[in-house]
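Some notes on the structure that comes next.
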Amino acid sequence: MVTHLNGYDWCTLVHLSNIAAVQSTPAPQALPDVRVPDIDRCVQTGVAEKTFSAAACVASVGDRIFHRAVYGSLALPPPIRKPGFDTLFDLASLTKPLATGLAALKLASQGRLDLNASVNKTIPELRDARFAGISIDMLLDHSSGLPAMRKFHEGVLAHDAKPGADKVAGTRKAVPLVREMLAAVSLEAEPGTKAVYSDIGFMALAWIIEGVVGKPFDVYLSQEIYRDLGLADDLLFVRLDDDRQRARLRSRSFAAGEDCPWRKKLLVGEVHDANAWVMGGVAGHAGLFGTVDAVWRLVRTLWQCFRGESHVFLNGTVRRFWTRSKRIASTTRTLAWDTPSAHGSMAGKRFSLSSVGHLGHTGGSIWIDLASDTLGVLLTNAHHPTRAGKDEALAKLRPRLYDLMAKHGEALPPDPKRPQGAAAFYAGPVVGASIPLHNPLKGPRQ
521 MVTHLNGYDW CTLVHLSNIA AVQSTPAPQA LPDVRVPDID RCVQTGVAEK TFSAAACVAS
581 VGDRIFHRAV YGSLALPPPI RKPGFDTLFD LASLTKPLAT GLAALKLASQ GRLDLNASVN
641 KTIPELRDAR FAGISIDMLL DHSSGLPAMR KFHEGVLAHD AKPGADKVAG TRKAVPLVRE
701 MLAAVSLEAE PGTKAVYSDI GFMALAWIIE GVVGKPFDVY LSQEIYRDLG LADDLLFVRL
761 DDDRQRARLR SRSFAAGEDC PWRKKLLVGE VHDANAWVMG GVAGHAGLFG TVDAVWRLVR
821 TLWQCFRGES HVFLNGTVRR FWTRSKRIAS TTRTLAWDTP SAHGSMAGKR FSLSSVGHLG
881 HTGGSIWIDL ASDTLGVLLT NAHHPTRAGK DEALAKLRPR LYDLMAKHGE ALPPDPKRPQ
941 GAAAFYAGPV VGASIPLHNP LKGPRQ
């Protein structure tokens, strides 16, 4: 039976943290409803082939949106209620750039977080001598030597299965157990010598950030970043153990997730990632939920800061986060973000090598072309009703979609609000708007 917050009976309703007590900034101005038939057909193919049941997509050149649409139904089998622009999607690993990386960016720009500092001077779990060579920026660019992941949730479930044990799985009470397990993890490479995409590194980053700000990770993001952007209601972590926030979620639309075999239920408004789930829904590597409009607005703000057109975040810090790491020649990683690979990039063939972006396991993706100013956001529920067998379909759809975004972005007429020709020459360059060109094999070229 399909379950949904509005009109369906499901007992696993999950809740926001006490960030609900924080009053959000008034909603930003409404975005336009515009569609490009080619892009429609591409995304609708994903729905028809059951790669996902629901999707939402926004594409723009800078702040000029030329495509914005939602597709499909919130769950299978249709007809179930259709998604809207207010539908919340499980963003999976988009949590890394949009939450953990964003928090690190802000704290670094404020001088509160030293990206070059050793992690063994931060939280107790990382104070062992073997972690001494890991800097915070190595966690951010996935060069720390930590493994990709470990099934920490299984250790917590084993703990809960012991006679008389306090049941902590799915709550914040599980965090100390996970931190102990992370402290026992062995490095798989010397720090700074190998790029391994690591969930574990971003789990640790969230705890480091909590230590700096003195409050829960999700609360800090909501109160001190998302709220100021007017996005606190539409970019959020959904806590599993906070019943006080039940009312705030009853009216929200969620794209359905996996029909989870070991949780024995359809996940609706509950994080798919097992390690994030076991810690109550809040983690540095996964757990963020968001609407397509909120994700695009945040990406647009970062792009404006990169160009020097906004001062929400420091231009120089955004540029540091969006520059490919020089530490390892073969890496495509920046600080919390990614760049197009030399071959077979999910950004397609038309997004330039000066692009930054990220993928999410639930099918979402973001790409930002810093040369053409094309911004593309796709959110899906590709883990519904199962994630099995979706990789090949997503690998075909994503580059095709971003090629179409780039093609139609290139066809837009010049922005009348921006100086052109001689006017542009006499106006001078946008502050901080020079574009670092990347060689995919050699990293950034200055």
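Adding 520 to a residue's 1-based position in the sequence shown gives its number in our numbering. Beta carbons: idealized from backbone N, C-alpha and C, even for Gly. Computed from a prediction, not measured in an experiment: that's the story for all the values here.
With DSSP as the reference, please indicate the residues paired to residue i in a beta bridge.
| i | result |
| --- | --- |
| residue 585 | 580 |
| residue 875 | 889 |
| residue 575 | 591, 900 |
| residue 785 | 780 |
| residue 610 | 809 |
| residue 655 | 638 |
| residue 894 | 581 |
| residue 560 | Per DSSP, none; premise fails for residue 560. |
| residue 858 | 853, 877 |
Compute the distance between the beta-carbons of residue i and residue j, then report whether it is under 7 Å.
| i | j | result |
| --- | --- | --- |
| residue 867 | residue 880 | no |
| residue 897 | residue 639 | no |
| residue 681 | residue 656 | no |
| residue 571 | residue 913 | yes |
| residue 800 | residue 692 | yes |
| residue 737 | residue 802 | yes |
| residue 694 | residue 676 | yes |
| residue 804 | residue 722 | yes |
| residue 848 | residue 715 | yes |
| residue 774 | residue 608 | yes |
| residue 810 | residue 625 | no |
| residue 901 | residue 678 | no |
| residue 664 | residue 711 | yes |
| residue 870 | residue 935 | no |
| residue 739 | residue 632 | no |
| residue 854 | residue 842 | yes |
| residue 904 | residue 776 | yes |
| residue 806 | residue 615 | yes |
| residue 983 | residue 938 | There is simply no residue 983 to check, as the chain begins at 521 and stops at 966 in what is shown. |
| residue 689 | residue 798 | yes |
| residue 895 | residue 580 | yes |
| residue 576 | residue 590 | yes |
| residue 666 | residue 720 | yes |
| residue 659 | residue 725 | yes |
| residue 837 | residue 629 | yes |
| residue 911 | residue 582 | no |
Would you decide whether residue i is buried or exposed? Buried here means 16 or more other CB atoms lie within 10 Å of its CB.
| i | result |
| --- | --- |
| residue 735 | exposed |
| residue 790 | buried |
| residue 957 | In this prediction, residue 957 has a pLDDT of 37, which is less than 50 and means its spatial position is unreliable; nothing more can be read from the coordinates. |
| residue 661 | buried |
| residue 502 | Nothing in the structure corresponds to residue 502, since the chain is present only between 521 and 966. |
| residue 862 | exposed |
| residue 718 | buried |
| residue 684 | exposed |
| residue 796 | buried |
| residue 782 | exposed |
| residue 874 | buried |
| residue 778 | buried |
| residue 930 | exposed |
| residue 514 | Outside the modelled stretch of the chain, which goes from 521 to 966, sits residue 514, for which no answer is possible. |
| residue 860 | buried |
| residue 909 | exposed |
| residue 548 | exposed |
| residue 794 | buried |
| residue 686 | exposed |
Output yes if chain B places a C-beta closer than 7 Å to the C-beta of residue i; else output no.
| i | result |
| --- | --- |
| residue 834 | Structure shown: chain B not included; a single protein chain is present. |
inquiry  = Runs of 3 residues minimum, wholly inside the segment 739-777: which ones carry the beta strand (DSSP E) assignment?
reply    = 755-757
The segment 695-715 contacting the segment 759-775, beta-carbon criterion three pairs below 8 Å = no
ask   = So does the segment 821-836 actually touch the segment 639-658, counting three or more Cβ pairs closer than 8 Å?
value = no
task = Taking only runs that begin and end inside the segment 828-852, name each unbroken alpha helix (DSSP H) of 4 or more residues, in chain order.
result = 835-841
contact_flag[the segment 594-604, the segment 814-822] where n(CB pairs < 8 Å) is 3 or more = no
message = Across the segment 621-636 and the segment 589-597, are there enough close Cβ pairs to call them in contact, namely three or more that are closer than 8 Å?
response = no
request  = Would you check if the segment 746-759 and the segment 553-565 touch, i.e. whether three or more CB-CB distances between them fall below 8 Å?
outcome  = no
ask   = If you scan the segment 677-721 from start to end, which runs of the alpha helix (DSSP H) of 4 or more residues do you find wholly inside it?
value = 695-703
message = Counting beta carbon pairs with one atom in the segment 744-753 and one in the segment 882-890, are three or more of them shorter than 8 Å?
response = no
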